[in-house]
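A short worksheet on the structure shown next.
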Amino acid sequence: MAAELISRHQSFVPGEPIEVALRLNIIKHWHTYWRNPGDSGLPTKLKWTLPAGFTAGDIQWPYPKKLPLGPLMNYGYEGEVLHLVTIKSPANIKPGESATFTAKADWLVCEDVCIPEEGTLTLTLPASASMPEPNPSWAKAFSAATSALPSTLLPNVIANIDAQTLRLNVKTDALGAINDITFYPHRDDLVANAAKQIFTKTADGFTLDVTLIEPRNNDLSTLDGILVANNAAWGAVINANANANANAKAVTIAAPVSYAAGVNGNANSSVGAPLQAKLPESAQPGLSLITAL
Numbered sequence: 023m024a025a026e027l028i029s030r031h032q033s034f035v036p037g038e039p040i041e042v043a044l045r046l047n048i049i050k051h052w053h054t055y056w057r058n059p060g061d062s063g064l065p066t067k068l069k070w071t072l073p074a075g076f077t078a079g080d081i082q083w084p085y086p087k088k089l090p091l092g093p094l095m096n097y098g099y100e101g102e103v104l105h106l107v108t109i110k111s112p113a114n115i116k117p118g119e120s121a122t123f124t125a126k127a128d129w130l131v132c133e134d135v136c137i138p139e140e141g142t143l144t145l146t147l148p149a150s151a152s153m154p155e156p157n158p159s160w161a162k163a164f165s166a167a168t169s170a171l172p173s174t175l176l177p178n179v180i181a182n183i184d185a186q187t188l189r190l191n192v193k194t195d196a197l198g199a200i201n202d203i204t205f206y207p208h209r210d211d212l213v214a215n216a217a218k219q220i221f222t223k224t225a226d227g228f229t230l231d232v233t234l235i236e237p238r239n240n241d242l243s244t245l246d247g248i249l250v251a252n253n254a255a256w257g258a259v260i261n262a263n264a265n266a267n268a269n270a271k272a273v274t275i276a277a278p279v280s281y282a283a284g285v286n287g288n289a290n291s292s293v294g295a296p297l298q299a300k301l302p303e304s305a306q307p308g309l310s311l312i313t314a315l
């Protein structure tokens, strides 16, 4: 497989963010892994060496696909994947000067066997005084990767836990042609990845039942993840306002968590407000999710 650092634009404006990506071109039938690899595997990692004044953000992960392996379920990518990163640039760079960005990349690529790979990759860009031109070689790839990043807010979500089941109750009139939704958790210690998730349309939205890992992890303060509609392939997320062949806008949802039998299974209780809100002193952390509806 091939790995390289690429840029959305052919140059950068000093003081403005720079959109770059680790591009992995994966051999047919092989795959790499999402931020939560599932039951096995390892996520791709980047360690940056940058000129003075430049700082790199975290990887922005496009939604993954299911990668079943016997009784296991993993999450990752096949074909081409861009791991997007935003680099902040200082304002004191003069137009015409260049900056070289270096990243040590580590990834695990698997088929029937797994091979850990690494590479030290570089990208050099000149500074310009005006808005840079898009890089024609990568414009479509960046657009596809960006469209798969969850972002905006979806309200009216409630999460209930009863024994080993997490039920997401979502009120929405924007389902359209969607007939299946999958939850991909960010954490690897919360859900039974290989268990079937049950999607049910309701009069005012849908529910999704997700089986939790055994024994159940009671720390739900950071239970977040993404929802992907209709197992959409790379670059073809579903638009809930249109039809199953359109591009989608990804949204963020926030929901309080309630327990049928208490956090420890012996009393009724609830876990307070959404994470985005300032919690009252008596409230416990809530549940934040991201979805690609």
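When we follow my numbering, the leftmost residue of the sequence shown carries the number 23, and every step to the right adds one.
We put the CB at the ideal spot given by N, CA and C, even for glycine.
Nothing here was measured: the structure is a model prediction, and the numbers come from that model.
Going by other Cβ atoms of all chains shown within 10 Å of its Cβ, with 16 needed for buried, is residue i buried or exposed?
{"i": "Gly247", "result": "buried"}
{"i": "Asn201", "result": "exposed"}
{"i": "Pro172", "result": "buried"}
{"i": "Pro207", "result": "buried"}
{"i": "Ile48", "result": "buried"}
If you draw a straight line from the C-alpha of residue i to the C-alpha of residue j, how long is it?
{"i": "Ile183", "j": "Arg189", "result": "6 Å"}
{"i": "Trp160", "j": "Glu236", "result": "44 Å"}
{"i": "Phe34", "j": "Trp70", "result": "18 Å"}
{"i": "Glu26", "j": "His105", "result": "11 Å"}
{"i": "Phe228", "j": "Leu197", "result": "8 Å"}
{"i": "Asn157", "j": "Ser29", "result": "7 Å"}
{"i": "Pro148", "j": "Pro154", "result": "10 Å"}
{"i": "Asn253", "j": "Lys88", "result": "Reliability fails at Asn253, whose pLDDT of 48 lies under 50, so the model's placement of it is uncertain and the value that follows must be treated cautiously. One C-alpha to the other measures close to 8 Å."}
{"i": "Thr187", "j": "Ala74", "result": "49 Å"}
Would you list the residues sitting across from residue i in a DSSP beta bridge?
{"i": "Lys223", "result": "Phe228"}
{"i": "Leu212", "result": "None, per the DSSP bridge assignment."}
{"i": "Pro207", "result": "Gly247"}
Taking 7 Å as the cut-off, is the beta-carbon of residue i closer than that to any non-hydrogen atom of the ligand GTP?
{"i": "Ala199", "result": "Here there are no bound small molecules, and the ligand GTP is not part of this structure."}
In the structure shown, what three-state DSSP assignment does residue i receive?
{"i": "Ser165", "result": "helix"}
{"i": "Arg30", "result": "coil"}
{"i": "Ala251", "result": "strand"}
{"i": "Thr194", "result": "coil"}
{"i": "Glu38", "result": "coil"}
{"i": "Ala24", "result": "strand"}
{"i": "Asp184", "result": "strand"}
{"i": "Gly63", "result": "coil"}
{"i": "Arg57", "result": "strand"}
{"i": "Lys218", "result": "coil"}
{"i": "Trp70", "result": "strand"}
{"i": "Ala43", "result": "strand"}
{"i": "Pro172", "result": "coil"}
{"i": "Arg189", "result": "strand"}
Contained beta strand (DSSP E) runs [length at least 3] in the stretch 106-161, N- to C-terminal order: 120-132 and 136-148
Write down every uninterrupted run of the beta strand (DSSP E) in the stretch 72-103 whose length is 3 residues or greater and which is fully enclosed by it, in chain order. 87-91 and 94-99
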